[in-house]
Each structure stands twice: as structure tokens, then as C-alpha cells.
Amino acid sequence: MKKVFERPQSLSENCFHYCPGCGHGVAHRLVAEVIDELGIMERTVGICPVGCAVYAYDYFECDMIEASHGRAPAVATGAKRVLPGHIVFTYQGDGDLAAIGIGEMIHAAARGENFTTIFINNGVYGMTQGQMAPTTPIGQKTTTSPSGRSISQEGNPIKVCELLNAIDGPAYLARVAITSPKTIARARRCIRKAFEVQLAGQGFSLVEVLTSCPTYWHLSPAEALAYIEENVIPAFPLGEFRVPAGTAAPVAAHAPA
Amino acid sequence: MSKSLLKGNIAVCEGAIKAGCRCFFGYPITPQNEIPDYLSWRMPEVGGTFLQAESEVAAINMVYGASCAGARALTTSSSPGISLMQEGISYLVGAELPAVIVNVARGGPGLGNIAPSQSDYFQATKGGGHGDYSLLVLAPWSVQEMFELTYDAFDLSDRYRIPAMVLTDGILGQMMEPVDFDTREEASSPPKPWITDGAKGRKKNIINSLYIDPDVLYQHNLKLRARFEEARREEIRYEEHLTEDADIVLVAYGTSARTAYSACEAARERGFKVGMFRPITLSPFPEERLSQLAEQCRGLVTVEMSLGQLVYDVRLCSQGRPVHLVSKTAGLIPEVGDVIEVIQEHFALEEARSG
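As you go down the protein sequences, you meet chains W and F in turn. 1 is the number of the first residue of the first sequence in our numbering; add one for each residue after it. 258 is the number of the first residue of the second sequence in our numbering; add one for each residue after it.
Structure below.
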């Protein structure tokens, strides 16, 4: 009998510890599928800092490094400079990348370090039980913005792709969602492209993945996906913001809300 | 073999390169700027990587990544910058990663000043970051030792999988002395089966300091401590000067040991039998030998460029003998006269009695 569906080789048999409806499982799988497709598992090093995905070393089957909160881009820089022929990726959440680690992210991107960042944006600190993140949309209630995030009190969310697109270093920047089979297929293509950019030695690549945290959004998994469509995507438009010179033009970057 | 005349900071660079270090990550801070300036061309010359990081926080994490990949990696800084690195150093320890950190210490606290100091002794030898741990800490007192101990720090750090710190100061970094590079052989990073360089033909390697189960973390802590205790048995280093017949033993490391050394002769001219004990490994500390010396003498005096930090370790070895302190800090240096004054104050009467 022909097998039509199986677990990617780059993903272990361990059960995910993630909450029901969490996007990490899908995002892990997409990364693992791309690693399999490109045949690079034996020369890939993944880096997962503090956050809900800190245990990703139990799930990916490539060599894995756990890093301190926010510092994965610096760790990736050190590893990749020693192993320029290897594939290095970081897998970071929004508090990690856009708050405590924004400095390391901007400078690694500005240097054009040849690694790939998978940036999971679900707008809350999940691991510490639902505090406001730099990417929490205006109006969203969290444990540290109980009246809903306001511009006057908590300030505006940070749009990482737009921020990084203001500097010359990055080679590939894309924002995707994983809310439906269609957007998931699109996300997979962008993640593959990001790894291909690294394989071609073209420099820093980042894919921002809009995903949900039903547990700390206090919504059902289905409601959480609808919330992304209705409230998150309008504030964080999907698309490719930067592609390497000589490749196809960016798709739907800066799409109007 | 002819010797080269160079600054201590440059000797650090050449010690690292001779040890096979091909990765440097650092952030500018005085009084260690000669190191990044020099390595910015010297590392590429030997096929290595020099990268000026965006902060000390980033620099220590770049060292973490390079060490994961199997390289001998170096960062250098001075006191405030070393404070910023403490989280990263704790992670290096927890993840059992070798690395070499050089602290060309300056006056503190806060911004302090850029003059030489030994006020980071506690930070270097008693942990510094969070968690139960001790670094391997080496303290050079000459430009020759700046070269040799930086080199040795890489060997020790790889052997015990504990980060090693070279604790020095602005004087040793800036001053020039002749150095013989032939005291150490060309080396390279040894094979390390635990590194993350791609799971080819083996199961994946994981580098991690997260052990959520307290029983498991406890065992991990015990394992780390056992390795440090092995270093205590195998790697203690110290130097003695005129201790055979000494009634009074001066204890000092680094720059202030140079004062203590000169003070021995000056004190003997005044009729005091004074010797010097110089710990070279500050951590692990040479407790056993210092305790033996304490048994044989009438009193101990530490000579420090701090308000009194080394003196705590010396008191633990004093065997009931009095321990006195010659202290200058904030960039000031104890002089021979300061040492003589303390000796006369505390031992002259006794000398007269016993005489």
C-alpha cells in the first residue's frame, strides 16, 4: 500500500506538550517538512530560546540548542560563523524576539547573518500565562492589560517585518498565517523559501507566523482562528516584504488592512 | 628564543590564538580596547572570526553559539561589561559549555572609572550570575602570564566543560613587558562529541540548561560540582616567595602581588621575616597550601585593590592566625609603604616581645 501521509523524519515521535488549538504544532511540522524536503536534517542546527517552544529540542530531530530569553539570534550568529556550511534556524516567540531580544534580532538582520528565523506571533506571553506582548493588538485583553491594550497606556504593537524591512540587511521577510489549509500551504512555501535563501547564501531570512493562543485569549480554538482573521491580520498584513534581488517580486506585501 | 615586547592585552590575544581560538566576539570598553582592535585584523589573518557585537549581552551569547558548534571562543571586557555577561555565563555553566572570558577589571561600582581594580574578585570567584556554580578563574601577574594563562584557560575550560575567566586589570592590560611565546605549543580545539554540528551518522545532540524536574536538576548540579571538585584536586596553582622561614605571609594576586613581592624585601630589611603567597588559580582557591603556611606563620596580610574580598578566602585558611588587610581601591594601588605600615602596626609589638 502506498503511504500518502506520514510524520516528517525531522520531527520526533514525542507528543507535543502544547495546549489544544496552539499553533506551535503546525508550525513545527511545517519547519520539519521543509527540512525533510530539502534533505538538510543532518546539517541543520535549530535554536529555541525561552518561551512556550523552549522544549522544541524534544520535537525536532536535528541538533538543537536551547538559548536564553531573546538571545537566539546572537547564539545563531556564533554557531553559523563557526559552521558556515550548515543550516541554522531560530524559532522564537513574540515576547522573546520583539521585546527582550529585539536588539539581537535587529543587529543579526542588519549584519545579514545567513540564518533563518521562524517568528511565532500569537500576541501573548504563553509560557508565563498570558501577559501582554509587544505584538498584542490594540484592544486585546491580557493579564497585564486587563482593560485591553490602549495606545495611551501600553502603546502601539511592534510590527517586526515592517521594522526589519527598514534596514538593508535582510534577504527575505514574510508574514504568513496558519488559520486554514490555504494559509498553511502558503506558510509552508514561505518557510521553504526562507531556508532556500539561506542555502543559497543570500543572507538573513525571517518568516513571521501569525498564530493563536486559545488558552490565553480565552477563546475556543475555532474562535481563536476567526479572531486572527478579523483582528490580527488587519493590523499585521500578510505578504512577502523582502525577497532577494533577482527573484520574483514580493507578493502582497503592505496589503491594505 | 628572542622575546617580544608587548602590552598585556596583546599577550592575551596571542595566548588565545596559540591555543587554537579562532572566534572572538566582544564590545568596546576601556581598558581592554587593544584586544578587539588587534584581533579585528589578527583573527582574519589566521583564518578566524572577529565580530564586534551590539552589546556584551550579545557577545557572550555569540560565544555560547560558537562553543555549541565546537569552537574555542573568546570574549573580553571590563567590569561593567562583565556584569552584563553574567546571565550568559550562567547559561554557559548550566549547558556545560567551555568558553574563555577575560576581565580587564576597572574601578567600580557603577560606571566607576577606567583605572585598574581588583574589586570584581567576588563576582569572578563566587558565581557572579544566578545558580550554584563556580568558574575556573586564573589571575596573571605579568604580561608573560597574560599570554600563558589565557592559553591555559582554553585547555582547562575544555577539560572540565566549565567556562574559564582570566581575571586581570587595567595595569596588566596596558603595561609592556617582554614575552616568550615558546612556553606554549600551537594547539587547536580538541574533538568534542557533544557539540551541535549536525546529526550526521549519530543521534541528535541537545545543548540545554533546562531541567524542569527538581530531582533531575539536582543531579545535574551535583555533576557540575563534581567536575569543579576534580579541578580543585588537579589544577590548583600558586607561587611562593620567601615563605620557607616566613613569620608573616602576604597573600596577593595579580597587580597587587607585585607590590607584595617588593614589600617582602623591604620588610626583611626592617627585621620582619615576610614571605608572599600568590594564588594563580583564584577559583578553585589553593586552600590546602595556604592553610599549611598559616600553621607555620604568626599572621597573614592580604594586599588587595579592593575594600577586602580576597581576605574572606584567606580567613577561611588562617588556622586561627590573625589576618590583616592592606586595601586600596577605586583605581588606587597599594604601595610597599602601605604594606610596611600594616606589618609594623600589627606585628612590631609582637616582634619586640618575642625578640
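C-beta atoms are modelled at their ideal positions from N, C-alpha and C, and glycine is treated no differently. Predicted, not measured: the structure shown is a model, and the values here were computed from it.
- Interface residue (Cβ-Cβ distance to chain W less than 8 Å): S376 of chain F is not classified as such.
- Counting C-beta atoms within 10 angstroms of its own C-beta, P49 of chain W has 16 or more neighbours from the protein chains shown and is therefore classed as buried.
- Sequence-distant Cβ neighbours of R490 of chain F in its own chain, meaning closer than 6 Å and more than five residues away, do not exist here.
- Relative to the Cα of N14 of chain W, the nearest Cα in the group W:A76, W:R29, W:I178, W:I106 belongs to W:R29.
- In chain order, A108, E113 place their CB closer than 7 Å to the CB of T77 of chain W, counting only its own chain and leaving out the 5 sequence neighbours on each side.
- A distance of 8 Å or more separates the beta carbons of Q380 of chain F and S335 of chain F.
- Nearest neighbour of N462 of chain F by Cα position, chosen from F:P471, F:D472, F:W451, F:I469, turns out to be F:W451.
- Per DSSP, reduced to three states, the secondary structure at M105 of chain W is helical.
- The beta-carbon of K480 of chain F is placed no less than 8 Å from the nearest beta-carbon of chain W.
- The way I'd put it, the region 338-347 of chain F does touch the region 311-321 of chain F; three or more beta-carbon pairs between them come closer than 8 Å.
- Taking the CA atoms as reference points, V45 of chain W sits about 15 Å from A194 of chain W.
- Beta-bridge annotation (DSSP): L557 of chain F is paired with F:V506, F:V580.
- Cβ neighbours of Q129 of chain W within its own chain (closer than 8 Å, five residues either side excluded): T143, Y216.
- The straight-line gap separating the alpha-carbon atoms of M127 of chain W and G95 of chain W is approximately 10 Å.
- When the Cα atoms are used, G25 of chain W and Y55 of chain W turn out to be separated by approximately 12 Å.
- Exposure of E6 of chain W is indicated by the presence of fewer than 16 other C-beta atoms within 10 angstroms of its C-beta.
- C-alpha of D595 of chain F to C-alpha of V583 of chain F: approximately 7 Å in a straight line.
- Taking a Cβ-Cβ cut-off of 9 Å, I102 of chain W has no neighbours in chain F, whose nearest Cβ is about 11 Å from it.
- A direct Cα-Cα distance of roughly 5 Å separates K457 of chain F from E42 of chain W.
- Looking at F:E443, F:E353, F:L395, the one whose alpha-carbon comes closest to that of R535 of chain F is F:L395.
- Residue environment: V473 of chain F is assigned as exposed (fewer than 16 neighbouring CB atoms within 10 Å of its CB, all protein chains considered).
- For I419 of chain F, there are no neighbours in chain W by C-beta distance under 7 Å, as the nearest C-beta there is about 18 Å away.
- Listed along chain W, the residues sitting closer than 9 Å to C280 of chain F by beta-carbon distance are G78, R81, V82.
- When DSSP reads this structure, P373 of chain F sits in a beta bridge with F:R363.
- Note that the C-beta distance between R418 of chain F and R484 of chain F is below 8 Å.
- The Cβ-Cβ distance between Q375 of chain F and M533 of chain F does not fall below 8 Å.
- Taking a contact as a CB-CB distance under 8 Å, the pair A352 of chain F and N465 of chain F counts as one, their CB atoms being some 6 Å apart.
- Interface criterion not met: the Cβ of E313 of chain F is under 8 Å from no Cβ in chain W.
- Across the region 381-392 of chain F, no CB contact with chain W closer than 8 Å is found for any residue.
- Sequence-distant Cβ neighbours of T179 of chain W in its own chain, meaning closer than 7 Å and more than five residues away, are L225, I228, E229.
- Under the 10 Å beta carbon count, N156 of chain W is surrounded by fewer than 16 other beta carbons and is classified as exposed.
- Proximity of E561 of chain F to chain W, defined by a Cβ-Cβ separation below 8 Å, is not satisfied.
- Under the three-pair Cβ rule at 8 Å, the region 62-77 of chain W does not count as touching the region 134-141 of chain W.
- In chain W, no part has a C-beta under 9 Å from the C-beta of T538 of chain F; the shortest such distance is about 27 Å.
- S548 of chain F sits exposed, since fewer than 16 C-beta atoms from the chains shown fall within 10 Å of its C-beta.
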